[in-house]
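Participant:
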Amino acid sequence: MRSIKLTAAATSTMPRFVLVLITAIYGLVGIFDRDPWKGDDAIGFGVMWNLAHGSWLDWLLPHIEGRGEIMAGPLPYWIGGLLIKVFSPILGATNAAGIYSATCFFLSCAAIWNACYLLGRRPEVQPTAFALGGEPEARNYGRTLADGALMIFLACIGLALRAHETTPALAQLLGISTLIYGLVRGLDKPIQGGFWTGVGLAVIALSASLWLFVFLFAGLLISLAICEVKPNAKWLGTTWLVSLSGIFLWPVLWWLSDISPELTAKAWQAWWKNDLLQLTPSSKSIGFLSRNLTLYAWPVWPLAFWSIWFWRKGANYPLGGIRNPNMALPLGLIIAIFIYLMNQTLLSEQSLILIIPPLVIWACFSLPIIKRSVISFIDWLALLTFTVLSAFIWVMWFAMSTNYPAGLARNVAKKVPGFIHEMNWFGLFAALIVTILWISVIRWRTSRAPKAIWRAVVISAAGTTLTWVLLMTLWLPTINYAKTYRPVAERLVKAVPSGSNCINTTHLGSSQLASFAYFTDLTLKDDPSCQLWISNKPGEARKAASKINLKLELLWEDRRVSDRTERLRLYRVITDAR
Numbered sequence: 006m007r008s009i010k011l012t013a014a015a016t017s018t019m020p021r022f023v024l025v026l027i028t029a030i031y032g033l034v035g036i037f038d039r040d041p042w043k044g045d046d047a048i049g050f051g052v053m054w055n056l057a058h059g060s061w062l063d064w065l066l067p068h069i070e071g072r073g074e075i076m077a078g079p080l081p082y083w084i085g086g087l088l089i090k091v092f093s094p095i096l097g098a099t100n101a102a103g104i105y106s107a108t109c110f111f112l113s114c115a116a117i118w119n120a121c122y123l124l125g126r127r128p129e130v131q132p133t134a135f136a137l138g139g140e141p142e143a144r145n146y147g148r149t150l151a152d153g154a155l156m157i158f159l160a161c162i163g164l165a166l167r168a169h170e171t172t173p174a175l176a177q178l179l180g181i182s183t184l185i186y187g188l189v190r191g192l193d194k195p196i197q198g199g200f201w202t203g204v205g206l207a208v209i210a211l212s213a214s215l216w217l218f219v220f221l222f223a224g225l226l227i228s229l230a231i232c233e234v235k236p237n238a239k240w241l242g243t244t245w246l247v248s249l250s251g252i253f254l255w256p257v258l259w260w261l262s263d264i265s266p267e268l269t270a271k272a273w274q275a276w277w278k279n280d281l282l283q284l285t286p287s288s289k290s291i292g293f294l295s296r297n298l299t300l301y302a303w304p305v306w307p308l309a310f311w312s313i314w315f316w317r318k319g320a321n322y323p324l325g326g327i328r329n330p331n332m333a334l335p336l337g338l339i340i341a342i343f344i345y346l347m348n349q350t351l352l353s354e355q356s357l358i359l360i361i362p363p364l365v366i367w368a369c370f371s372l373p374i375i376k377r378s379v380i381s382f383i384d385w386l387a388l389l390t391f392t393v394l395s396a397f398i399w400v401m402w403f404a405m406s407t408n409y410p411a412g413l414a415r416n417v418a419k420k421v422p423g424f425i426h427e428m429n430w431f432g433l434f435a436a437l438i439v440t441i442l443w444i445s446v447i448r449w450r451t452s453r454a455p456k457a458i459w460r461a462v463v464i465s466a467a468g469t470t471l472t473w474v475l476l477m478t479l480w481l482p483t484i485n486y487a488k489t490y491r492p493v494a495e496r497l498v499k500a501v502p503s504g505s506n507c508i509n510t511t512h513l514g515s516s517q518l519a520s521f522a523y524f525t526d527l528t529l530k531d532d533p534s535c536q537l538w539i540s541n542k543p544g545e546a547r548k549a550a551s552k553i554n555l556k557l558e559l560l561w562e563d564r565r566v567s568d569r570t571e572r573l574r575l576y577r578v579i580t581d582a583r
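For the sequence shown, the working numbering gives the first residue as 6, with consecutive numbering after it.
Here it is as structure tokens:
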């Protein structure tokens, strides 16, 4: 076992109200009082919206209104659709769907904190006892590591946007976090741990591809094979029972509802997503990981590597301290997730969220052994970076509000032409409060020289929270104007001729379709027999029409003001070309 020398003073816990306040601010700001944004956010919300206003079949086979493509993993859409149905009369549909994102995020935080707390209490990781006493107690040590883990989690740069979207990625984050907690809990309470591990696996399976479930279960077995401490058979039995019960919920509903064999086969195919996974690593996915993961997972991955470097040595050869539960249990999951990601034919930032929780477990165990010089480097880098970013956000907001400096104001106007800035006094007040809190954190960190091991990540976590809150208060109207399809949808409604039966959306992206379905009452569906066609894919609509001997007349062309490359075109079918 590696030797860690630590005094009790270094494991003083962070005040609970501070920890809860930072987590609450980070998790709640940015998910309410805005429209669905272009991309995965609009798609996820669109499916939830369709469920809330659809039939029983829509709940069985979640999809965007007008599109027959079944979305794999119904659980996120079930939760979001139910929340919209219940709370939209009070909060509005988008705010009601935001409750789904906040709930998944906060439960993920709780699972990660408890997993690190349990690992931090274990005898394998306890600091060396001093001859005259003064070493930390196991519970205090575990609690301090858990506080640090939550700060590292909040400091993750890539998490900021993805943790506030209405996408299945949030349910997947909850699933992997719950799975890790259950795996750790299973070391001392097998049945309870098996239950939570099974819940985590079921959530993963019901919010993603079944292939991800297979990979993660294989990762669990790898972790247990490496780990020197193993749960007894009750853990495995409970895990299987709970996970399979959850997984078969969806197929059982198909069977009870007596849907057609064709729809059942289509749903199975969507759930497996065979077309998105290949047997050999994809060069595109590997390139995507190499380009994006370094910044996305900052500062989690440097701390995780530091932890691996320290724990690589130990008495448990050939893997040394890697066989300890704090290192071994996340290891198999990380291996499985990386193989799954590299074998994807189409990879996005959404998928990268899976790797963060197990890396956070590793990262928190680097806090007791980081050198003071490294801590200072992390602090000053975070201090400089987030101070500059926050100052930039304030300056740009001031330019938008006062038209001074005029050059900056003109640059903003060029990016979002037509946007009319209005003073949001509540947002300004919130931004001032969080800025004052940031200054207070800096003064506390630089003047008192705290000894607690979580001090190394406080400025990073506070900095990401500060930056995100400033963006979602001072800049939220501007960002919302740039990323929403509401103005485009309003112009589309005016362009549609009266008496049109429907609009063919076969050549329209899912994000645009979901947005138009929410913002308008138009009849949108993937049907070539419609009198009107809409497309955002240049040339595809005309090519498809010519193949079936139809001719299209351009009626309307538009785009979001912030996207110069996008072209939305509305056509009318005018005649048979033969």
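Just so you know, even glycine gets a beta-carbon here, dropped at the ideal spot from N, CA and C.
Which residues share a DSSP beta bridge with His68?
Facilitator: Paired residues: none, contrary to the question.
Participant: Taking DSSP as the reference, what is the three-state secondary structure of Arg564?
Facilitator: coil
Participant: So the beta strand (DSSP E) Leu537 belongs to, where does it begin and stop?
Facilitator: 537-540
Participant: Once you ignore the five residues that flank Ala466 on each side, which residues in its own chain have a CB closer than 6 Å to its CB?
Facilitator: Close CB contacts of Ala466 within its chain, under the 6 Å cut and outside five residues either way in sequence, are with Met156, Leu159, Ala160 (chain order).
Participant: In the structure shown, what three-state DSSP assignment does Arg144 receive?
Facilitator: helix
Participant: Residue ranges of each beta strand (DSSP E) run of no fewer than 3 residues wholly in the region 467-516, ordered along the chain?
Facilitator: Counting only runs of 3 or more residues that sit fully inside the region 467-516, the beta strand (DSSP E) segments are 508-512, in chain order.
Participant: Taking 8 Å as the cut-off, does the region 241-249 touch the region 200-209 (at least 3 CB pairs, one atom from each stretch)?
Facilitator: yes
Participant: Pull up the distance between the alpha-carbon of Met477 and that of Val34, whole angstroms please.
Facilitator: 7 Å
Participant: Less than 8 Å between the C-beta atoms of Tyr105 and Pro79, yes or no?
Facilitator: With a cutoff of 8 Å on beta-carbon distance, Tyr105 and Pro79 are scored as not near each other.
Participant: Consult DSSP for Ile579 and reduce its assignment to one of helix, strand or coil.
Facilitator: Reduced to three states, the DSSP call for Ile579 is strand.
Participant: Please report the straight-line C-alpha distance between Ile344 and Gly224, rounded to a whole angstrom.
Facilitator: Rounded to the nearest angstrom, the two C-alpha atoms are 10 Å apart.
Participant: Tell whether a beta-carbon distance below 8 Å holds between Trp561 and Ala522.
Facilitator: no
Participant: Quick one: what's Arg39 bridged to in DSSP?
Facilitator: Its beta-bridge partners do not exist; DSSP assigns none.
Participant: Looking at the structure shown, is Leu573 part of a helix, part of a strand, or coil, going by DSSP?
Facilitator: strand
Participant: State the DSSP-derived secondary structure class of Thr267, mapped to helix, strand or coil.
Facilitator: Position check: residue 267 holds Glu in this sequence, whereas Thr was assumed. Under the three-state reduction of DSSP output, Glu267 falls in the helix class.
Participant: Suppose the cutoff is 6 Å on Cβ atoms and the five residues either side in sequence are ignored; what does the same chain contact list for Gly147 look like?
Facilitator: The residues are Tyr122, Gly125, Arg126.
Participant: Measure the C-alpha to C-alpha separation of Glu571 and Gly205 and round it to an integer number of angstroms.
Facilitator: 39 Å
Participant: With a CB to CB cut of under 7 Å and the five nearest residues on each side skipped, what residues in its chain are close to Asp152?
Facilitator: Correct list, in chain order: Thr18, Met19, Leu24, Trp459.
Participant: Note the first and the last residue of the continuous alpha helix (DSSP H) segment covering Pro81.
Facilitator: 80-96
Participant: Taking all protein chains shown into account, decide if Lys376 is buried (16 or more other Cβ within 10 angstroms of its Cβ) or exposed.
Facilitator: exposed
Participant: Is Thr149 closer than 8 Å to Ala457 when the C-beta atoms are compared?
Facilitator: yes
Participant: Where Leu188 and Leu334 are concerned, what is the direct C-alpha to C-alpha distance, given to the nearest angstrom?
Facilitator: Straight-line Cα distance between these residues: approximately 7 Å.
Participant: Using alpha carbons as the reference points, say which of Arg328, Met332, Leu352 lies closest to Leu294.
Facilitator: Leu352
Participant: Are the beta-carbon atoms of Ser520 and Ala47 separated by less than 8 Å?
Facilitator: yes
Participant: For the candidate residues Thr525, Ile444, Trp402, whose alpha-carbon lies nearest to that of Pro482?
Facilitator: Trp402
Participant: So for Leu557, helix, strand or coil by DSSP?
Facilitator: strand
Participant: In terms of DSSP beta bridges, what is Lys530 paired with?
Facilitator: Asn509
Participant: Buried or exposed: which applies to Trp240, given that a residue is buried once 16 or more other Cβ atoms fall within 10 Å of its Cβ?
Facilitator: buried
Participant: Pair every Cβ in the region 43-58 with every Cβ in the region 166-186, then say whether three or more of these pairs are closer than 8 Å.
Facilitator: yes
Participant: In the structure shown, what three-state DSSP assignment does Gln349 receive?
Facilitator: strand
Participant: Near Ala582, what residues of its chain come up, given a Cβ to Cβ distance below 6 Å and the 5 sequence neighbours on each side ignored?
Facilitator: Note on Ala582: pLDDT 45, under 50, position unreliable in the model; the coordinate value appears next. Spatial neighbours of Ala582 in its own chain (CB-CB distance under 6 Å, excluding positions within 5 residues in sequence) are listed in chain order as Asn554, Lys556.
Participant: Just to confirm, are Cys109 and Leu178 a CB contact at a threshold of 8 Å?
Facilitator: yes
Participant: Among Leu359, His58, Val498, Ala435, which has the Cα closest to the Cα of Thr470?
Facilitator: Ala435
Participant: Grouping DSSP H, G and I as helix and E and B as strand, with all else coil, what is Leu192?
Facilitator: coil
Participant: Mind reading off the beta-carbon distance from Leu258 to Leu65? Whole number of angstroms is fine, and I expect it under 8 Å.
Facilitator: Taking a contact as a CB-CB distance under 8 Å, the pair Leu258 and Leu65 counts as one, their CB atoms being some 6 Å apart.
Participant: Suppose the cutoff is 7 Å on Cβ atoms and the five residues either side in sequence are ignored; what does the same chain contact list for Gly71 look like?
Facilitator: Closer than 7 Å at the Cβ level, and outside the excluded window around Gly71, lie Thr510, Leu518, Ala522, Leu529, Lys530, Asp531.
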